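Each remark here refers to the structure printed beneath this line.
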Amino acid sequence: MATIKDVARQAGVSVATVSRVINGSPLTKSDTADLVKRTMRELGYRPNAAARTLVSKRSRAIGVVVADVSDPFFGSLVKHVDTIAHRQGHHLLIGNGYHEAAREKQAIESLIQNQVASLIVHSKALDDDTLRAFSEEHGAIVFINRLIPGLEGRCIFLDNYRGAFLATEHLIEQGHRYVAYIGSSHPIEDTVQRQQGYEDALNTYRVTDKTHPVMMAFDTPDETGGERAMAKLMADNPNLSAVFCYNDIMAAGAMTALTDRDFRVPEDVSVVGFDDSLIARYLHPKLTSVRYPIEEMAALAAEQAIAVSSQQPMRDEKGNYTPTLIKRNSVAKPNE
């Protein structure tokens with residue numbers, strides 16, 4: 001007897017697509033639905049009652065794919081999606097992708113197979129074509145922290161380059177000439193964009209030369225990574241007076257490395273983070289940081305995804321956000 005997997009294999013589609021056709025989902029293209037129905041007839045496949053009730057059981061579910069829900073940044077993203085979802089009578093199913101293409105693909109496919117009504121995807125490892133294919137397969141997908149050509153209306157993202165430029169510019173304007181960058185070792189576009197913003201700010205203000213070189217160190221984007229990267233920078237660059245960090249958590253690790261070596265922040269070394277997460281307000285000194293408005297972005301993503309899944313018009317609101325610099329107490333003029 002033919003199974004749903006046999007139908008999917010013969011038709012060249014996913015099991016989730018066959019399930020949606022069985023349940024009459026409006027998110028499946030008509031030509032794809034016709035192909036699946038024809039294949040079911042050819043194979044003599046008869047869906048059972050359990051398969052027919054699958055969509056109704058998941059029709060109020062929102063799937064959310066993030067890198068790692070234990071990371072405070074992604075925890076905040078999920079929390080604010082959940083707030084909107086709860087308000088509109090939906091519930092969440094969560095998948096972790098860990099910035100790995102295979103894991104991200106697996107997480108998305110798993111949520112689609114669980115018949116979520118809509119999807120919010122934070123993907124950095126999968127290529128644009130793969131994400132476009134998922135968008136065609138499941139019509140109610142919204143991408144966050146990603147700009148995909150051709151899907152601009154489904155993308156909500158921040159100008160990472162601009163944020164990094166602002167952070168580095170602020171340190172230069174305070175008089176710093178030995179400005180370092182601590183970046184993430186993850187091979188994702190955020191890392192490239194923030195590094196480029198840092199380098200371009202140095203070049204714009206003509207800070208770099210033989211006596212004021214570009215100083216960078218890369219490690220895991222967490223406290224330990226920030227601590228290791230800062231230790232390496234200090235060992236290699238004794239004149240360093242300021243550092244811009246990939247995120248606030250790495251900045252916290254960098255500050256620990258500095259204070260453990262009897263350097264004062266900001267009197268000896270100024271520090272700027274990125275995200276303006278909760279930790280920025282509770283470090284000592286309070287951390288100057290580039291604000292990443294993840295609360296607003298996550299809420300918009302949830303509202304847009306629910307609207308699409310309900311066949312309602314999306315909010316007429318642009319998904320591109322501009323970063324701002326939140327000045328606190330971790331930056332001072334350099335010692336002369």
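The sequence shown: position 113 = 113 (UniProt numbering), numbered continuously.
A virtual CB, placed ideally from N, CA and C, is assigned to each residue, including glycine.
Bear in mind that the values here come from a model prediction, so they are computed numbers and not experimental data.
Contact defined as beta carbons within less than 8 Å: I believe residue i pairs with residue j. What is the distance between those atoms, to the nearest angstrom?
{"i": "V271", "j": "V243", "result": "6 Å"}
{"i": "L119", "j": "I141", "result": "4 Å"}
{"i": "F73", "j": "D275", "result": "6 Å"}
{"i": "H80", "j": "E295", "result": "5 Å"}
{"i": "Y198", "j": "P221", "result": "15 Å between Cβ atoms; not a contact."}
{"i": "Y292", "j": "P323", "result": "7 Å"}
{"i": "A8", "j": "V18", "result": "5 Å"}
{"i": "I94", "j": "V64", "result": "5 Å"}
Residues bridged to residue i by DSSP?
{"i": "G150", "result": "In the DSSP output, where bridge partners are listed per residue, G150 has none listed."}
{"i": "D219", "result": "S184"}
{"i": "L27", "result": "Bridge partners of L27: none, in fact."}
{"i": "H138", "result": "According to DSSP, which records beta bridges pairwise, H138 is partnered with nothing at all."}
{"i": "G63", "result": "L93, L119"}
Closer than 8 Å by C-beta to residue i: which residues in its own chain qualify, once you throw out the five before and the five after it? Chain order, please.
{"i": "V331", "result": "H170, L171, Q174, A242, P266, S270, V271, V272, T288"}
{"i": "P285", "result": "V265, P266, R328, N329, S330"}
{"i": "K29", "result": "E136"}
{"i": "A299", "result": "H80, V81, T83, I84"}
{"i": "Q196", "result": "Y161, A164"}
Taking residue i as part of the beta strand (DSSP E), name the residues at either end of that continuous run.
{"i": "I141", "result": "141-144"}
{"i": "L325", "result": "324-326"}
{"i": "S118", "result": "118-121"}
Could you give the residue range of the alpha helix (DSSP H) that holds residue i?
{"i": "N160", "result": "160-173"}
{"i": "G75", "result": "72-87"}
{"i": "A125", "result": "Neither: A125 is in no alpha helix (DSSP H) and is coded neither H nor E."}
{"i": "K105", "result": "101-113"}
Excluding the 5 residues preceding and the 5 following residue i in the sequence, name in chain order all residues of the same chain whose CB lies nearer than 7 Å to its CB.
{"i": "H99", "result": "A67, K124, A125, H186, I188"}
{"i": "H90", "result": "R60, A61, I62, I306"}
{"i": "L240", "result": "Y178, A180, M215, L233, M234, V269"}
{"i": "D128", "result": "I148, P149"}
{"i": "A252", "result": "E223, G226, I279, L283"}
Give every residue of the same chain whose Cβ lies closer than 6 Å to the Cβ of residue i, excluding the five residues on either side of it in the sequence, and list them in chain order.
{"i": "T256", "result": "E227"}
{"i": "D82", "result": "L92"}
{"i": "A217", "result": "I182, A229, K232, L233"}
{"i": "Y45", "result": "A2, V7"}
*Ranges of the beta strand (DSSP E) found wholly within the region 236-322, counting only runs of at least 3*: At a cut-off of 3 residues, the continuous stretches assigned as beta strand (DSSP E) that sit fully inside the region 236-322 are 242-245, 270-275, 288-291.
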